[in-house]
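> For the sequence shown, the residue numbers in the working numbering are 21 to 337.
Beta carbons are placed, not taken as given, at the ideal position from N, Cα and C, and that holds for glycine.
Note that the structure is a prediction, hence the values are computed from the model and not measured.
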Amino acid sequence: MDIIANEFLKLSNFQRAWEKVAENRGCAGIDGETIDKFASNQTINIYQLRDGVSNSTYQPQPCKQVIIPKKNGSRRELKIPTVRDRIVQQALLNVLYPIMEDKFSAASFAYRPNLSYLNAVEKVADWRDNGYCWVLDADIVKFFDNIVHQRLLKEVRIHIDNSGILCLIKSWVSVGVLTEEGVILPQKGIPQGAVISPMLANIYLHEFDEFITATDLKLVRYADDFLILASTQERILEAQLEIISLLDSMGLMMNAEKTQITNFNRGFRFLGHGFLENAIFPLDVNSEKLKSGIEKSKGKKKVPILNKKPMQRMFQA
Numbered sequence: 021m022d023i024i025a026n027e028f029l030k031l032s033n034f035q036r037a038w039e040k041v042a043e044n045r046g047c048a049g050i051d052g053e054t055i056d057k058f059a060s061n062q063t064i065n066i067y068q069l070r071d072g073v074s075n076s077t078y079q080p081q082p083c084k085q086v087i088i089p090k091k092n093g094s095r096r097e098l099k100i101p102t103v104r105d106r107i108v109q110q111a112l113l114n115v116l117y118p119i120m121e122d123k124f125s126a127a128s129f130a131y132r133p134n135l136s137y138l139n140a141v142e143k144v145a146d147w148r149d150n151g152y153c154w155v156l157d158a159d160i161v162k163f164f165d166n167i168v169h170q171r172l173l174k175e176v177r178i179h180i181d182n183s184g185i186l187c188l189i190k191s192w193v194s195v196g197v198l199t200e201e202g203v204i205l206p207q208k209g210i211p212q213g214a215v216i217s218p219m220l221a222n223i224y225l226h227e228f229d230e231f232i233t234a235t236d237l238k239l240v241r242y243a244d245d246f247l248i249l250a251s252t253q254e255r256i257l258e259a260q261l262e263i264i265s266l267l268d269s270m271g272l273m274m275n276a277e278k279t280q281i282t283n284f285n286r287g288f289r290f291l292g293h294g295f296l297e298n299a300i301f302p303l304d305v306n307s308e309k310l311k312s313g314i315e316k317s318k319g320k321k322k323v324p325i326l327n328k329k330p331m332q333r334m335f336q337a
């Protein structure tokens, strides 16, 4: 048994995983078992769950489909694993996070310990201050739903060459989803709502990150929402074609409706913030008031001018 598998299967690791899942709460899966129900006999449950994974009798159950309405009238679909499946996934994450953190790109900010969207916002300002003023603002069409299973497992295998763990991950990404019409087996995509999915999403886009950061372009990515920055308009126009081709090779598409080429003089929005020249405006106010404030700021002292200390004060306010 290799080091990763050994650490993964430690009873203490499953105990830590249970504590994390219990802390996050969440609803029951298709088996109806709640956090409180599992907790009522947690010592035996944890032991049996770990033992089932160790002797390969553990099998994940289908996810439960949960539909969440959005303010714009659209709907967001979540696929919720059972409490037991969430514990096993978290136990594996406990082991994988230290390994993958040393490998993930510095341009990736989502789903990572000690990083947040505020770090991404700060990085955009850093690149702006270094002359990267042209921006491709884009995201990926239904990213989680379009991840290609075979390609994902190939990427995982680069970092984790353990057949047992690979089989577990394969079972989680290909597990069925219980809907009103019955259990549906997905041909692609990973379940939004599963504990393991954010890590797998970053692994899938690691190639994307590495390709861009090896060029003269700059990347700031938060999950499937990203900015490509260049020093000239000509270069950013070339970059758009390169990114379209790269995503296509990964089975993904750039969202045409949400993609634009712009610059800091024109302004743009990213991760809940408006960027205009040297100013950053948190977008937690009425858009008309924001627009008015931007207009009034022209020709006057910029507020706030972004550097690390003022930004930290602004975000903490």
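(1) Report the residue ranges of all alpha helix (DSSP H) runs contained in full by the stretch 88-124; include only those spanning at least 4 residues, in chain order.
(2) Quick one: measure Cβ to Cβ for Leu220 and Asp229, integer angstroms, because I've assumed they're closer than 8 angstroms.
(3) Which residue comes first and which comes last in the beta strand (DSSP E) that contains Leu369?
(4) The beta strand (DSSP E) spanning Leu239 covers which residue range?
(5) Output needed for Tyr117: all residues of its chain with C-beta closer than 7 angstroms, excluding positions within five of it in sequence on either side, in chain order.
(6) By Cβ distance below 7 angstroms, which residues in the same chain neighbour Ala111 in space, the five residues on each side in sequence not counted?
(7) Measure how close the beta-carbons of Phe231 and Leu266 come, nearest whole angstrom, since I'm counting them as under 8 angstroms.
(8) Report all residues from its chain with a CB closer than 7 angstroms to the CB of Gly184; omit the five preceding and five following residues, and keep chain order.
(9) May I have the straight-line CA-CA distance separating Lys321 from Gly151, to the nearest angstrom?
(10) Can you give the Cα-Cα distance for Pro211 and Thr54, rounded to whole angstroms?
(11) Counting beta carbon pairs with one atom in the stretch 176-195 and one in the stretch 125-132, are three or more of them shorter than 8 angstroms?
(12) Please go through the same chain and pick out, in chain order, the residues whose beta-carbon is closer than 6 angstroms to the beta-carbon of Ile167, but skip the five residues on each side of it.
(13) Which residue's Cα is closest to the Cα of Ile12: Arg255, Ala214, Cys83?
(14) Could you give the DSSP three-state label for Thr282: helix, strand or coil?
(15) I'd like to know if the stretch 278-295 and the stretch 186-203 are in contact, where contact means that at least 3 CB-CB pairs between them fall below 8 angstroms.
(16) Buried or exposed: where does Ser191 fall if 16 or more other Cβ atoms within 10 Å of its Cβ makes it buried?
(17) Where Gly52 and Ser60 are concerned, what is the direct C-alpha to C-alpha distance, given to the nearest angstrom?
(18) Tell me, please, which residues DSSP counts as bridged to Arg70.
(19) Assuming the contact rule is C-beta atoms closer than 8 angstroms, Lys99 and Gln85 should be a hit. Round their C-beta distance to whole Å, please.
(20) Going by other Cβ atoms of all chains shown within 10 Å of its Cβ, with 16 needed for buried, is Leu272 buried or exposed?
(21) If you reduce the DSSP assignment to three classes, tell me which class Phe129 lands in.
(22) Using the rule of at least 16 other Cβ atoms within 10 Å of the residue's Cβ for burial, across every protein chain shown, is Thr77 buried or exposed?
(23) Going by alpha carbons, who is nearest to His226 out of Pro302, Met274, Glu258, Val176?
(24) For Leu257 and Ile281, which I take to be in contact (beta-carbon distance under 8 angstroms), what is that distance rounded to the nearest angstrom?
(25) Among the residues of its own chain, which have a CB less than 7 angstroms from the CB of Thr233, if the five just before and after it don't count?
(26) Whole angstroms is fine: what's the gap from Lys162's alpha carbon to Arg241's?
(27) Quick one: give me the first and last residue of the beta strand (DSSP E) that Asp146 is part of.
(28) In the structure shown, what three-state DSSP assignment does Val203 receive?
Looking at the coordinates:
(1) 103-121
(2) Leu220 to Asp229, Cβ: 15 angstroms. No contact.
(3) Lying outside 21 to 337, the shown extent of the chain, residue 369 is not represented and no answer is given.
(4) 238-242
(5) Pro133
(6) Phe28, Asn33, Phe34, Ala37
(7) 6 angstroms
(8) Ala25
(9) Legend: pLDDT at Lys321 = 33, less than 50; position of this residue unreliable, value from coordinates given subsequently. For Lys321 and Gly151, the distance between alpha carbons rounds to 21 angstroms.
(10) 20 angstroms
(11) no
(12) Gly209, Ile210, Tyr224
(13) Examination of residue 12 is not possible in this model, given that the chain is present from 21 through 337 alone.
(14) strand
(15) no
(16) exposed
(17) 14 angstroms
(18) Arg70 is not bridged to any residue.
(19) 6 angstroms
(20) buried
(21) coil
(22) exposed
(23) Val176
(24) 7 angstroms
(25) Ser125, Ala127, Leu239
(26) 16 angstroms
(27) Note, Asp146: premise wrong, no beta strand (DSSP E); alpha helix (DSSP H) at 137-149.
(28) strand
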